[in-house]
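Colleague:
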Amino acid sequence: MPSEKKRLEKSLDKLFKIYKDISTKADEVNQYRCPYKNAKNICTATFKCLNQHFIKDNPKEPICIGSEKLDYRPAWITDQPIKSNDE
Ligand code: SF4
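The working numbering puts the sequence shown at residues 57 to 143.
Structure (structure tokens):
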């Protein structure tokens with residue numbers, strides 16, 4: 057039993073380190089990449105943002121045209137729904 061307990065502790069320590077590294081990286085990326093921007097640069101926000109841009113091929117999901125060099129938060133208009141480019 058003691059050896060199983062040690063193995064369990066070792067396993068939990070390893071798991072904790074993995075999650076800690078993931079969390080640290082996520083905190084770092086969140087400083088410049090908007091959390092609503094997915095891996096394909098599609099905006100997943102349910103509110104209006106000045107960085108949303110709609111294209112003909114995909115009129116339902118806006119592309120994020122925000123620069124990852126600037127703070128994205130001033131572009132958020134969270135009290136308004138998403139609108140097409142022309143509205
Ligand atoms: S369009 Fe705005 S809310 Fe959407 S991912 Fe880009 S910065 Fe974020």
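Don't be surprised by glycine CBs; every beta carbon is placed ideally from N, CA and C.
Just jot down, in chain order, the residues whose CB lies closer than 5 Å to any heavy atom of the ligand SF4.
Modeller: Qualifying residues, in the order they occur: C90, Y92, K93, C99, A101, C105, N107, Q108, C120, G122, Y128.
Colleague: Considering only the beta carbon of each residue, do A82 and L106 sit closer than 8 Å?
Modeller: Position 26 of the sequence shown, counted from the first residue, corresponds to residue 82. Position 50 of the sequence shown, counted from the first residue, corresponds to residue 106. Contact flag unset, no.
Colleague: Taking DSSP as the reference, what is the three-state secondary structure of F103?
Modeller: Taking the first residue of the sequence shown as 1, we reach residue 103 at position 47. The answer is coil: DSSP assigns F103 none of H, G, I, E or B.
Colleague: Could you tell me whether the Cβ atoms of I74 and K104 are closer together than 8 Å?
Modeller: For the purposes of this step, residue 74 is identified with residue 18 of the sequence shown, where counting begins at 1. For the purposes of this step, residue 104 is identified with residue 48 of the sequence shown, where counting begins at 1. Not a contact, by the Cβ cut-off of 8 Å.
Colleague: State the Cα-Cα distance for the pair K93 and I78, rounded to the nearest angstrom.
Modeller: Translated into the one-based positions of the sequence shown, residue 93 becomes position 37. Translated into the one-based positions of the sequence shown, residue 78 becomes position 22. Approximately 18 Å between the Cα atoms of the pair.
Colleague: Can you tell which of V85, P115, R63, T80 has the C-alpha that lies nearest to the C-alpha of C149?
Modeller: The structure shown does not extend to residue 149, since the chain is modelled only from 57 to 143, so the question has no answer here.
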